[in-house]
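Reviewing the structure listed below.
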Amino acid sequence: MQAEQMIVDKLCKRFDFLQDRIHVQREKRIFTSPLPREEFEQVIHYLHDEMGFYKASHVVGTDDGDDLGFIYILSNREGIILALKEKAPKLDPRIRTMTELYPSLELHERELVNLFGAVVEGLPGDSSYPLPDGWPKGSYPLRKDWKPEYFDKNTMTYKPPIYEGEKEDGSK
Amino acid sequence: MNENEKKGTNRIVIPIGPQHPSLKEPGCFTIVLEGEKVVDAHIGIGYNHRGLEKACESRNYIQTLYLIERVCGICSHTHSTAYCQGIEELTGLSIPKRAAYIRVIVAELERLHSHLLWLGVAAHEIGFDTLFMYTWRDREKVLDILADVCGNRVNYGINTIGGVRRDIDDEMLKNMSKVLDFLQDQLKYYLDLALTETTLSARLAGIGKLSREEALSFGAVGPVARAAGIEEDIRVIEPYAAYPEIPVKIVTDTHADVFGRTIVRIKEMLESLEIIRFCIKNLPGGEIAVKAPRRIPAGEVISRTEAPRGENIHYIRSNGTDILDRIRVRAPSEANWHGMRHMLQGEYLADVPITIAAIDPCYSCTDRAIVVNSGSKTEVMDWQALRQFGIEWHKKRGIDLSAIKMPERKIYSL
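Dropping the structure here:
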């Protein structure tokens, strides 16, 4: 796992904030901890421009409680995968599109908008993918608090039960 | 005066789909034409999205295995393999060698039937229906072997966490060898046909161009990337199952067009035959599975396999319970869509169907579909019952097929 460790060492040398936040999981797998937007953007540009991570296979959205997580699966010519993570607070889930660096991320970033409610700044086009037209606004099915049983596909409405002391939008 | 005339252009916008002429799955292509030439295209997909990944978050690991297998009807084994080996990595399980070999045999049979299916579809798209019939006839033989080995023609159900569910006996291997010999002759004929028959080369060469640089930029995978000279194959880059012990040659081509993709797929089938022969000759004895725990330790894993259409990636995150926290399937078709707009630009309208078909798009894979039958009655039919059902169904509609005699089929019970 010499090649993997060399990548980690080089990144840690370049970015102090990556110390203890990046590790080799096994051969051909490097994972980082979730990084805030500014740090994430510095690292992904460096990986693309300077370290030969030419390919972005996809970006996985995750619901991490108060934050939304975004895991960018990048790889280089040796087939080493680096899972670079970004996080954004659910209350303001703004990230910047990476389609200028990696055009292959367009569909995946659209998914983040539709399924997780992320705001991807600079993402070209405005068509909905993959949810159908007429999907209820503010309803993000891959968030953990979204339950399929409250969705009516005939009327395309999402109506979770309102508990005592809660307003209709779920706030207290 | 219409809008185009006002702007001084002859551009016409043609919406094709969601039911479209190329494949029997939904996708909407908005083609902008100038005369007969495509100047731009918009790709609309997502019609098959059924929330499979969300469904996995409320089922245990074994139930999820069968959902994941249904991501795609053609390459179901590659998805269940990626899923199982991901869970095995999280639990630290090492599967028996025999199980690893059986996984490879089924994977290569799957590649054979998928590529034969594609070759038939491609032949049909260019009006070469004789080749379409030949290849689909040959594909049936592969599906018969899969039915013998797995019990199913598609959605094989062979994989389980910790190994495989069924063993392969000597008779199955003998039958398999006979079919491999038959396919060897057929595939050599198809390769010769592709290289020498002018009908094919004239119709396929120079169509759907995607250069090496463009393929790298758009993240193309599988035969689309390899036809542009990119030497990428997960079986070689990151060998899984029994591939570390099996010699695998990466097939590439430099045409970077539909013709190149055709050559790559035919040569890959010949390579698959060699891989299966190697597995038959070197199939180790012993157990076919080890016991897997019900609860999976917390962690995350990225598992990948080489599907017939290219690199297949599963991201899995577990939380220490018997239900996973998150799974994301990045099927190969999803990667190949990004270059489609570029491939269509500059083509003639008549070449749009074959250009789309040439990435071997799988909408189910892209959208990760799941079909749930309504109603509570579940019925399992054997081969004869299924045939009888078909006869009755057609009879009600005025067509009597009962006079056609079919050979008895041996079906292995569960």
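As they're listed, the protein sequences go chains A and B.
Note that our numbering has the first sequence beginning at 1, numbered continuously upward.
Note that our numbering has the second sequence beginning at 1001, numbered continuously upward.
We put the beta carbon where it would ideally sit given N, CA and C, even for glycine.
{"Item": "Separation of Asn1010/B from Leu1067/B, as counted between CA atoms", "Value": "48 Å"}
{"Item": "Beta carbon proximity, Gly79/A to chain B, threshold 7 Å", "Value": "yes"}
{"Item": "Beta carbon of Thr1252/B nearer than 7 Å to that of Glu1231/B", "Value": "yes"}
{"Item": "Supposed close pair Gly1120/B, Trp1136/B - CB separation, criterion 8 Å", "Value": "5 Å"}
{"Item": "Contacting residues, own chain, Cβ-Cβ under 7 Å from Trp1118/B (five flanking each side not counted)", "Value": "Arg1265 and Asp1360"}
{"Item": "Contacts that Gly1051/B makes with chain A (C-beta to C-beta distance below 8 Å)", "Value": "Pro141 and Pro148"}
{"Item": "Members of the region 29-59 of chain A near chain B, C-beta cut-off 8 Å", "Value": "Arg29, Phe31, Tyr54, Lys55, Ala56, Ser57 and His58"}
{"Item": "CB contact check: Lys1054/B to chain A, cutoff 7 Å", "Value": "yes"}
{"Item": "Buried versus exposed call for Asp1325/B [16 or more other C-beta atoms within 10 Å across all chains shown]", "Value": "buried"}
{"Item": "Pro1353/B: first and last residue of the uninterrupted alpha helix (DSSP H) it sits in", "Value": "Val1352 to Ala1357"}
{"Item": "Rounded separation between Val1179/B and Arg1153/B - CA only", "Value": "15 Å"}
{"Item": "is_contact[Gly1017/B, chain A] using C-beta, thresh 7 Å", "Value": "no"}
{"Item": "Within-7 Å CB hit, Ile1246/B to chain A", "Value": "no"}
{"Item": "Pair within 7 Å by beta-carbon distance, Glu1125/B and Pro1353/B", "Value": "yes"}
{"Item": "Minimum length 4: unbroken alpha helix (DSSP H) runs contained in the region 1064-1132 of chain B", "Value": "1076-1091 and 1097-1125"}
{"Item": "Neighbour list for Asp129/A in chain B, Cβ cutoff strictly below 9 Å", "Value": "The question names Asp, but residue 129/A is Tyr in the sequence shown. Residues of chain B passing the Cβ test: Gly1044, Ile1045, Gly1046 and His1049."}
{"Item": "Rounded separation between Glu1287/B and Arg1294/B - CA only", "Value": "20 Å"}
{"Item": "Close-in-space but distant-in-sequence residues of the same chain around Gly1222/B (CB under 6 Å, 5 per side omitted)", "Value": "Arg1309, Gly1310 and Pro1332"}
{"Item": "Bounding residues of the alpha helix (DSSP H) (the contiguous stretch that carries Gln1184/B)", "Value": "Asp1170 to Thr1196"}
{"Item": "Short Cβ contact (7 Å threshold) for Gly229/A with Tyr140/A", "Value": "Look at the range of chain A in this structure, 1 to 172, and you will see that residue 229/A is not part of it."}
{"Item": "Asn154/A in three-state terms, based on DSSP", "Value": "coil"}
{"Item": "Contact belief for Leu1143/B with His1113/B at Cβ below 8 Å, rounded distance in angstroms", "Value": "6 Å"}
{"Item": "Start and end residues, beta strand (DSSP E) containing Thr1262/B", "Value": "No beta strand (DSSP E) contains Thr1262/B, which is instead part of the alpha helix (DSSP H) from Val1258 to Asn1282."}
{"Item": "Chain A contact for Phe1218/B (CB, 7 Å cutoff)", "Value": "yes"}
{"Item": "Closer than 8 Å at the beta carbon, the chain A residues around His1338/B", "Value": "Pro103, Ser104, Glu106 and Leu107"}
{"Item": "Endpoints, the alpha helix (DSSP H) within which Val1290/B is located", "Value": "Neither: Val1290/B is in no alpha helix (DSSP H) and is coded neither H nor E."}
{"Item": "Beta-carbon proximity list for Arg94/A, same chain, < 7 Å, skipping 5 on both sides", "Value": "Ala88, Val119 and Glu121"}
{"Item": "Distance CB(His108/A)-CB(His58/A) smaller than 7 Å", "Value": "yes"}
{"Item": "Nonlocal neighbours in the same chain, by C-beta distance under 8 Å from Lys1188/B, ignoring five residues either side", "Value": "Leu1270"}
{"Item": "Cβ pair Ala1241/B, Ala1335/B closer than 7 Å", "Value": "no"}
{"Item": "Buried or exposed (CB count within 10 angstroms, at least 16 for buried), Val1106/B", "Value": "buried"}
{"Item": "Exposure of Tyr1348/B, with buried meaning 16 or more beta-carbon neighbours within 10 Å", "Value": "exposed"}
{"Item": "At least three beta-carbon pairs within less than 8 Å, the region 78-88 of chain A to the region 30-47 of chain A", "Value": "yes"}
{"Item": "Where Ile1012/B sits in the DSSP three-state scheme", "Value": "strand"}
{"Item": "Burial state of Pro132/A (16 or more Cβ within 10 Å)", "Value": "exposed"}
{"Item": "Same chain, Cβ closer than 7 Å to Met156/A, neighbours up to 5 away in sequence not counted", "Value": "Gly134, Trp135 and Pro136"}
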